[in-house]
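Chains as they are written, first to last, in the numbering used here: chain A, 20 to 222; chain B, 24 to 281.
Beta carbons: idealized from backbone N, C-alpha and C, even for Gly.
Computed from a prediction, not measured in an experiment: that's the story for all the values here.
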């Protein structure tokens, strides 16, 4: 079953709401036993990098989630800060990331942003997707809802599966085999977001 | 490219939706859940829902209603009304709401902004300032309790304070323009926009999509909220929930955004 990791960060209920509308069963997991049974995993995340990493480390769920993702190869989708912690490190903090996908999380170059508000990058922006599974029926330049000030700079270009532009072109979705991450919020992105979550649920 | 946000704002009074004029004369315009469903279909950028009874009645937010709204909402949802503590804010987030809006509680205790932001991240904490022009003056003052209580505070200075305390966004709501549908108070908006770099949303006065376009032309990336424009249709103000369709919206933005 699709399993949303409830480690204390992120809008878990918003994901439950989406899947409920389609009568797709989901589990909100806050115990190892629940995670063990997962057929796919959603890793939400809201907040600063160190806060999210520390909360995940202290939740007692990291080991079992890593076992599922790295050994059993269970599909996982990190969302927003849950995507950023897939990286090695972040300019936002000192904690080590999960290092499931090589790269660093960097602050936007505010000198290149022509608006009064530099960060956060907040609102609806387009993506150029490039993945045969996650973006089925999602067209080029589809709009998604973003709110973040840092972005994932991949070490290997092949791990970047969507691009967006905010001052500079940045990676708005990542993939390394069974490990996926999106910077935007599919749970709050109308039909495109619903389509993405349905696509992920079938991987 | 990043788009300006065009945001319907809904007011809840006696469990129904209403639209006011200058914060008075609430007119019933429908059922909150039904409105959220229609706005889902119309793919609105965000939705703001304000319970205008909670602070006046000095009661807790209506968590059941908020939960129902969040369960339906396929877009970012901002809830305001009666939030006084970080615990209340936390509880509202756990129901599936992205943003909470504070107003009178911030005027009474500005530090609540930092306290809530520490729990949930700054981007989720919105401050709404209800602003009215002073008589015989170019200055503005912040009012609370549905425009019955003049705090005497200057919105420019207070917006700066909120920014320094970690607010994620400021919504400027013009009491004088509310429901009048004759355009936004551009002078007020300029004053605030020049003083803060936070994301900013403006509310009060939109009478047509031209008013929305004018703000996009002037301010580019900004949140443009409206009540009457999206719940009334025609010169007799028939109740009809409406919003530009994706093509109309794209054309409106492309024509004005550079």
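Which of helix, strand or coil DSSP assigns to residue 101 of chain A: On the first chain, residue 101 of chain A is found 82 positions in, with the first residue counted as 1. In the three-state DSSP reduction, residue 101 of chain A falls in the helix class (H, G or I).
Interface partners of residue 184 of chain A on chain B, CB under 7 Å: Position 165 of the first chain, counting from 1, holds the residue named residue 184 of chain A. Simply 24.
Three-state secondary structure assigned by DSSP to residue 82 of chain A: Indexing the first chain from 1 puts residue 82 of chain A at position 63. DSSP places residue 82 of chain A within a helical segment (H, G or I) once states are collapsed to three.
Continuous beta strand (DSSP E) stretch holding residue 312 of chain B: start and end: The question about residue 312 of chain B has no answer here: the residues shown for chain B are numbered 24 through 281.
Distance, residue 68 of chain A Cα to residue 209 of chain A Cα: Translated into the one-based positions of the first chain, residue 209 of chain A becomes position 190. Translated into the one-based positions of the first chain, residue 68 of chain A becomes position 49. The C-alpha of residue 209 of chain A lies about 26 Å from the C-alpha of residue 68 of chain A.
Coil, strand or helix - residue 236 of chain B by DSSP: Against the second chain, residue 236 of chain B aligns to sequence position 213. Three-state DSSP puts residue 236 of chain B in a helix.
At least three beta-carbon pairs within less than 8 Å, the stretch 73-84 of chain A to the stretch 42-56 of chain B: Too few Cβ pairs lie closer than 8 Å, so no.
Sequence-distant residues of the same chain with beta carbon closer than 6 Å to residue 105 of chain A, five excluded per side: Translated into positions along the first chain, residue 105 of chain A becomes position 86. Short of 6 Å from the beta carbon of residue 105 of chain A, and not among the five residues preceding or following it, lie these beta carbons of its own chain, in chain order: 97, 117, 119, 120, 200.
Euclidean distance between Cα positions of residue 90 of chain B and residue 206 of chain A: By one-based count along the second chain, residue 90 of chain B stands at place 67. By one-based count along the first chain, residue 206 of chain A stands at place 187. For residue 90 of chain B and residue 206 of chain A, the distance between alpha carbons rounds to 16 Å.
Nearest-angstrom Cα separation, counted from residue 262 of chain B out to residue 256 of chain B: The residue given as residue 256 of chain B occupies position 233 in the second chain. The residue given as residue 262 of chain B occupies position 239 in the second chain. Using only the alpha carbons, I get a separation of about 6 Å.
Spatial distance of residue 169 of chain A from residue 254 of chain B (CA atoms): For the purposes of this step, residue 169 of chain A is identified with residue 150 of the first chain, where counting begins at 1. For the purposes of this step, residue 254 of chain B is identified with residue 231 of the second chain, where counting begins at 1. The alpha-carbon atoms of residue 169 of chain A and residue 254 of chain B are separated by roughly 37 Å.
Member of A:177, A:187, A:165 whose CA lies at the smallest distance from the CA of residue 203 of chain A: To locate residue 203 of chain A, count along the first chain from 1; it is residue 184. Taking only the C-alpha atoms, the option nearest residue 203 of chain A is A:165.
Counted within 10 angstroms of its Cβ, other Cβ atoms place residue 30 of chain A as buried (16 or more) or exposed: Position 11 of the first chain, counted from the start, is the residue given in the question as residue 30 of chain A. Burial call: buried.
Chain B residues whose Cβ lies nearer than 8 Å to that of residue 139 of chain A: By 1-based counting over the first chain, the position of residue 139 of chain A is 120. Near residue 139 of chain A (Cβ distances below 8 Å), the residues of chain B are 146, 191, 222.
Chain-order list of residues whose beta-carbon lies under 6 Å from that of residue 192 of chain A (same chain, five-residue window excluded): Within the first chain, the letter at position 173 stands for residue 192 of chain A. Cβ-Cβ distances below 6 Å link residue 192 of chain A to 180, 181, 201 in the same chain, with the five nearest sequence neighbours on each side left out; the list follows chain order.
Within 8 Å, strictly: CB atoms of residue 147 of chain B and residue 116 of chain B: Locating residue 147 of chain B in the second chain gives position 124, where the first residue counts as 1. Locating residue 116 of chain B in the second chain gives position 93, where the first residue counts as 1. Yes, the Cβ-Cβ distance between residue 147 of chain B and residue 116 of chain B is below 8 Å.
Any C-beta of chain A under 8 Å from that of residue 118 of chain B: Numbered from 1 along the second chain, position 95 holds the residue referred to as residue 118 of chain B. It does; some Cβ of chain A falls within 8 Å.
Separation of residue 102 of chain A from residue 43 of chain A, as counted between CA atoms: In the first chain, counting from the first residue as 1, residue 43 of chain A sits at position 24. In the first chain, counting from the first residue as 1, residue 102 of chain A sits at position 83. Residue 43 of chain A and residue 102 of chain A: Cα-Cα distance of roughly 23 Å.
Contact with chain B by residue 135 of chain A, beta-carbon distance below 8 Å: Sequence index remark: in the first chain, residue 135 of chain A carries index 116 (1-based). Cβ-Cβ to chain B under 8 Å: yes for residue 135 of chain A.
Own chain partners of residue 37 of chain B with C-beta closer than 8 Å, once the 5 adjacent residues on each side are dropped: Position 14 of the second chain, counted from the first residue, corresponds to residue 37 of chain B. Counting only residues of its own chain and dropping the five nearest sequence neighbours on each side, residue 37 of chain B has a CB closer than 8 Å to the CB of 76.
Backbone secondary structure at residue 212 of chain A - three-state DSSP: In the first chain, residue 212 of chain A corresponds to position 193, counting from 1. In the three-state reduction of the DSSP assignment, residue 212 of chain A falls in the helix class.
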